[in-house]
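Chemist: Numbering-wise, our numbering puts 188 at position 147 of the sequence shown, and it's gapless, one number per residue.
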Amino acid sequence: MTLSPKITPFLWFESQAKEAAEYYVGIFPDSRILSENPFVVTFEICGQRFSTLNGGPHDRFNDAVSFMVDCKDQQEVDHYWDRLIADGGRESMCGWLKDKYGVAWQIVPEALPRLINHPDRARAQKAIDAMLKMQKIVVAELEAAFDS
Numbered sequence: 042m043t044l045s046p047k048i049t050p051f052l053w054f055e056s057q058a059k060e061a062a063e064y065y066v067g068i069f070p071d072s073r074i075l076s077e078n079p080f081v082v083t084f085e086i087c088g089q090r091f092s093t094l095n096g097g098p099h100d101r102f103n104d105a106v107s108f109m110v111d112c113k114d115q116q117e118v119d120h121y122w123d124r125l126i127a128d129g130g131r132e133s134m135c136g137w138l139k140d141k142y143g144v145a146w147q148i149v150p151e152a153l154p155r156l157i158n159h160p161d162r163a164r165a166q167k168a169i170d171a172m173l174k175m176q177k178i179v180v181a182e183l184e185a186a187f188d189s
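(1) Do the region 90 to 101 and the region 129 to 137 meet, that is, are 3 or more Cβ pairs less than 8 Å apart?
(2) Pull up the distance between the alpha-carbon of Glu55 and that of Pro154, whole angstroms please.
(3) What three-state label does DSSP hand Ile169 in the structure shown?
(4) So the alpha helix (DSSP H) Val106 belongs to, where does it begin and stop?
(5) Give every residue of the same chain whose Cβ lies closer than 8 Å to the Cβ of Asp170, excluding the five residues on either side of it in the sequence, and list them in chain order.
(6) Just grab the DSSP bridge partners of Asn95 for me.
(7) Nearest to Asp71 by alpha carbon, out of Met172, Glu60, Gln89 and Val82?
(8) Using a threshold of 7 Å, state whether the C-beta atoms of Ile148 and Val118 are closer than that.
(9) Using alpha carbons as the reference points, say which of Ile68, Met175, Asn78 and Val106 lies closest to Pro50.
(10) Could you tell me whether the Cβ atoms of Asp128 and Lys141 are closer together than 7 Å?
(11) State the CB to CB distance for the pair Cys112 and Pro79, rounded to an integer number of angstroms; the pair is presumed to be in contact (CB under 8 Å).
(12) Assuming contact is defined by CB atoms lying nearer than 7 Å, are Trp94 and Thr83 in contact in what I supplied?
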């Protein structure tokens with residue numbers, strides 16, 4: 042028996058619900074469209090269910106909500122970063138970006154929380170200072186700062 046998730050993020054688009062769902066499914070592995078009708082598309086990304094709605098131009102996305110993508114290494118960071126800023130996305134600071142629809146994402150390598158939460162607070166602060174200067178997080182630069 043498959044259980045439905047208790048909480049499903051529901052994203053409001055002007056008229057691009059299907060286009061957006063297909064876009065996200067094309068970026069993340071193990072993703073698929075689950076159902077669709079003219080107003081709502083339900084899809085799954087890496088085991089998390091999402092829905093998109095064709096709701097009209099009344100509301101826009103903002104930075105109050107974002108989706109964090111945990112990445113194992115720089116290659117994964119580069120993949121998600123490059124794909125999500127393609128076709129009109131925008132880089133921001135400290136691993137944040139907005140995709141072409143205006144949805145905010147945080148692309149976070151495994152190394153970032155490990156380094157900035159390290160018990161040696163002086164070394165952790167060096168990693169934090171390096172991160173604050175970055176747009177896309179570069180693991181080698183974080184580690185170099187941490188080790189300096």
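Where a beta carbon is used, it is the ideal one built from N, C-alpha and C, also for glycine. Just so we're clear, the structure is a prediction, and the values are computed from it rather than from any experiment.
Modeler: With the structure as the only source:
(1) No: fewer than three Cβ pairs fall under 8 Å.
(2) 35 Å
(3) helix
(4) Taken as a continuous stretch (DSSP letters only), Val106 belongs to no alpha helix (DSSP H), as it is neither H nor E.
(5) Ala186
(6) Phe54
(7) Gln89
(8) yes
(9) Nearest to Pro50 by C-alpha distance, out of Ile68, Met175, Asn78 and Val106, is Val106.
(10) yes
(11) With a contact defined as Cβ atoms closer than 8 Å, Cys112 and Pro79 miss out at about 35 Å.
(12) Here the sequence assigns Leu to residue 94, which means Trp is not the residue at that position. Not in contact: Leu94 and Thr83 (Cβ atoms no closer than 7 Å).
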